[in-house]
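Let me begin by presenting the structure, written as structure tokens, before commenting on it.
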Amino acid sequence: MTWKQMFTSSIGKKLVMGLTGIFLITFLIVHVGINACVFADLPVFNRDDNGEMFNKAAHFMGSTVLIRIMEIGLFAGIILHIVQGYLLTLQNQKSRGVAYNKPMGNNGSKWYSRSMGLLGTLILLFLILHLAHFWVPARFTHVGLDPVLYNNVLMHDMFQLMKITFSELWIVVLYVLGCFSLFWHLMHGFQSAFRSLGISNKKHLSLLNCIGNGFSVIVSLLFALIPIAMYLQWVG
Ligand code: HEM
15 MTWKQMFTSS IGKKLVMGLT GIFLITFLIV HVGINACVFA DLPVFNRDDN
65 GEMFNKAAHF MGSTVLIRIM EIGLFAGIIL HIVQGYLLTL QNQKSRGVAY
115 NKPMGNNGSK WYSRSMGLLG TLILLFLILH LAHFWVPARF THVGLDPVLY
165 NNVLMHDMFQ LMKITFSELW IVVLYVLGCF SLFWHLMHGF QSAFRSLGIS
215 NKKHLSLLNC IGNGFSVIVS LLFALIPIAM YLQWVG
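With my numbering as the guide, the letters of the sequence shown map in order to residues 15 to 250.
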């Protein structure tokens, strides 16, 4: 397959979606793992953590050169995934318009498999708001970020910024809705990404489905619990 075919043929587009999808799944695992450090402040673990574990992890990610370089790859992956996603959605809509007179409903496929473009758009809207909340201050403006000192190293108090951001109910509601969209997007996207790489054996497919469903629930729930825990002051 040539580079041109990779971006223009439908099989090439599926492959790009699969590869970028797996890359973004890896990012989600790292991101949710680092964010889950805020739970170190839960009374059952360490009442006095006060965001130290999370701040140290966020500082490591922000100050390590290799990770900053990977961040460029992450944004390139996100953009490629979005562009190819819209092209595939358009292509599917065109072929569906010719093939069926009546929608087949769940007999053909699940509603969320048919709504990947819409779910992806909701995640994109969430992402724009989310980057403005945390990534822009962390990397560029430093607005709302107080310094905090751990073991003689000065860091940004991202934990404090999260606490302030998630003290507003409407923001918490938008984040939970964003995580809900992510959940449905992953319910189809996880297994679809691996299928694009050629997994077709029936036994492997049902295992892939189980892992995909478990992954979607755990990751989305963990993400959603962070703004909720901060708003309800379970942590912080
Ligand atoms: C809902 C709970 C979430 C919280 C509390 C959260 C928190 C954060 C924070 C604090 C940062 C800035 C990190 C830094 O630069 O030091 C960040 C960055 C980022 N987040 Fe989230 N995040 C959440 C969910 C998500 C979801 C669901 C996605 C993707 C669908 C996502 C995608 C990103 C991206 C792409 C960045 C910028 C790259 C990076 O800094 O690693 N986040 N997030």
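A virtual CB, placed ideally from N, CA and C, is assigned to each residue, including glycine.
Since the model is a prediction, treat every value here as computed from it, not as a measurement.
- For V167, DSSP records a beta bridge to Y164.
- According to the DSSP assignment, K70 belongs to the alpha helix (DSSP H) that extends over E66 to S77.
- Relative to the non-hydrogen atoms of ligand 1, the Cβ of Y245 never comes closer than 7 Å to any of them.
- Non-local beta-carbon contacts of I137 in its own chain, meaning distances under 7 Å to residues more than five positions away in sequence, involve G192, S195, L196 and H199 in chain order.
- Taken through DSSP and simplified to helix, strand or coil, F59 comes out as coil.
- By the neighbour-count criterion, in which 16 or more other beta carbons inside 10 Å mark a residue as buried, A90 falls on the exposed side.
- Residue M201 holds the alpha-carbon nearest to the alpha-carbon of I225 among P241, M201, Q105 and F148.
- Of the residues assessed, T179 falls on the buried side of the cut-off, its CB having 16 or more other CB atoms within 10 angstroms.
- Here K18 is exposed, its C-beta having fewer than 16 other C-beta atoms within 10 Å.
- A Cβ-Cβ contact shorter than 8 Å links I240 with N49.
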